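To start, the structure under review is shown below, and the notes come after it.
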Amino acid sequence: MNSAGTPSRRIGVLLVNLGTPDSPETPDVRRYLNEFLTDGRVIDMPAAIRYPLFQGLVVPLRAPKSAKIYKQLWTDRGSPLLFHGLDLQAKVQAALGPGYVVAFGMRYQKPSIEKALDELREAAVERIIVLPLFPQYASASTGSVQEKVMEIVGKWWVVPSISFISTFTDDPGFIACFAALGKAEMAKQHYDHVMFSYHGIPERHVLKGSHKGYCKLGNCCNSYNKNNRYCYRAQCFETSRLLAKAMGLAPEQYTVSFQSRLQSRLRDPWLQPYSDEVLKEYPAKGIKNVLAFSPAFVADCLETTIEVGEEFKEMFEEAGGEHWQLVPSLNSEPMWVEAVAAMIKQA
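Here it is as structure tokens:
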């Protein structure tokens, strides 16, 4: 302890989420999309193709449409992904105490990873633990954060010890918190079925990361093991199995599916089955009341609140469904704060 009563050797913690525009106005959304969609880990095309295609064509067309959706999402506190992240930072800091310095950054836009790392460097932390807030590892999310952190820190003259929590797919605290939120909704009324909808990625991303060709995009994901530990698809199925077990669901009572694909533009297969297609088939099968989870996200955002919560609800009702309910994300729930603090301490 120093004279001020603060531990002299502190651990830095960097929490990172994906990113958000500074505002829901088109210019800010365009800046965000430009940075996001030109990341080589997100769109794994050669730069000579990626930049002209997305900066010159895709982003200008998409930005005004996305801006309208962001306006639906925006609150008095701004972007939910941002304020939930800042709330989580403050609460995890309180839970961990003065032996830790907790910073929060976004992979794209503000607050930047570089700014957050500078805060930790100014605090003269002994080492840094990086927790990308993506439960399941994907090169386009966790991998991109890891690459960016190393790019920034690699320019420092003094580089501290750095470690990453690359996945928390099966973390007991993560599972328990999401299951508790699901049980709370199930206590309100009966549901015929549960959908676990995850953000999709191109199938080629999974195959490129396959360990010794283990991945076949099929039954290989029926178990979670050393050969598919970093397979995004396998992790989604494992999270779903654990959540189903925690909530007492039999295999026939839930579906695992994938949302947010860009296939229509890129003509490239993404992970299947597609959530929007699956949910339209439910009513014909007698499934009229559905509880929907989005366990790839730990904070409410466009993909949860708008896509799963509103757009999927509308599709389901148009197909003959009666009730569609989104389970809220973890945000800064007390159980989630405890789970994050426990992961940090374990690391």
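Under UniProt numbering, residue 347 is the last one in the sequence shown; the count climbs by one each step, no gaps.
In this text, a Cβ means the ideal position worked out from N, Cα and C, and glycines have one as well.
None of these values were measured; they are calculated from a predicted model.
- The straight-line gap separating the alpha-carbon atoms of residue 110 and residue 146 is approximately 17 Å.
- Three or more beta-carbon pairs drawn from the stretch 167 to 178 and the stretch 333 to 344 are found closer than 8 Å, and the two stretches are therefore classed as touching.
- Using a 10 angstroms sphere on the CB of residue 9, the tally of other CB atoms stays under 16, which defines it as exposed.
- One alpha carbon belongs to residue 82, the other to residue 55, and they sit about 25 Å apart.
- In terms of CA proximity to residue 152, 105 leads the group 105, 238, 303, 320.
- Contact check for residue 88 against residue 14 fails: the beta carbons are separated by 9 Å or more.
- Within the stretch 58 to 118, complete alpha helix (DSSP H) segments of at least 4 residues are found at 59 to 73, 80 to 96, given in chain order.
- Counted as a single uninterrupted DSSP element, the stretch harbouring residue 200 is not any alpha helix (DSSP H), since DSSP gives it neither H nor E.
- Only exposed fits residue 190, as fewer than 16 other CB atoms lie within 10 angstroms of its CB.
- With a threshold of 16 other beta carbon atoms within 10 Å, residue 296 meets it and is buried.
- Relative to residue 34, the option among 49, 24, 63, 281 whose CA is nearest is 63.
- A residue is called buried once 16 or more other Cβ atoms fall within 10 Å of its Cβ, and residue 259 is buried on that count.
- Taken in chain order, the unbroken stretches of alpha helix (DSSP H) that lie wholly in the stretch 293 to 340 and span 4 residues or more are 312 to 318.
- Each residue's CA atom was taken as its position, placing residue 69 and residue 302 some 8 Å apart.
- Using a Cβ-Cβ distance cut-off of 8 Å, the stretch 156 to 163 and the stretch 126 to 143 are in contact, since at least three pairs of beta carbons, one from each stretch, lie closer than that value.
- The alpha carbon of residue 323 has as its nearest neighbour, out of 330, 329, 314, 331, the alpha carbon of 314.
- Residue 112 and residue 43 have their C-alpha atoms some 21 Å from each other.
- Going by beta carbons, residue 144 and residue 121 fall outside the 9 Å limit.
- Secondary-structure assignment with DSSP links residue 227 through no beta bridge to anything.
- The Cβ atoms of residue 195 and residue 292 sit closer than 9 Å to each other.
- Between the alpha carbons of residue 12 and residue 193 lies a distance of about 42 Å.
- For residue 161, the uninterrupted beta strand (DSSP E) run begins and ends at 161 to 164, by DSSP.
- Using a Cβ distance threshold of 9 Å, residue 257 and residue 235 do not count as a contacting pair.
- A residue is called buried once 16 or more other Cβ atoms fall within 10 Å of its Cβ, and residue 212, having fewer, is exposed.
- In the displayed model, residue 257 falls within a strand according to three-state DSSP.
- Apart from sequence neighbours up to five positions away, the residues of its chain that approach residue 125 with a beta-carbon distance below 7 Å are 10, 11, 12, 101, 160, ordered along the chain.
- Rounded to the nearest whole angstrom, the C-alpha separation of residue 307 and residue 294 is 10 Å.
- Listed in chain order, the non-local C-beta contacts of residue 95 below 6 Å within the same chain comprise 337, 341, local neighbours out to five positions each way being set aside.
- A Cβ-Cβ separation of about 12 Å leaves residue 246 out of contact with residue 254 under the 8 Å criterion.
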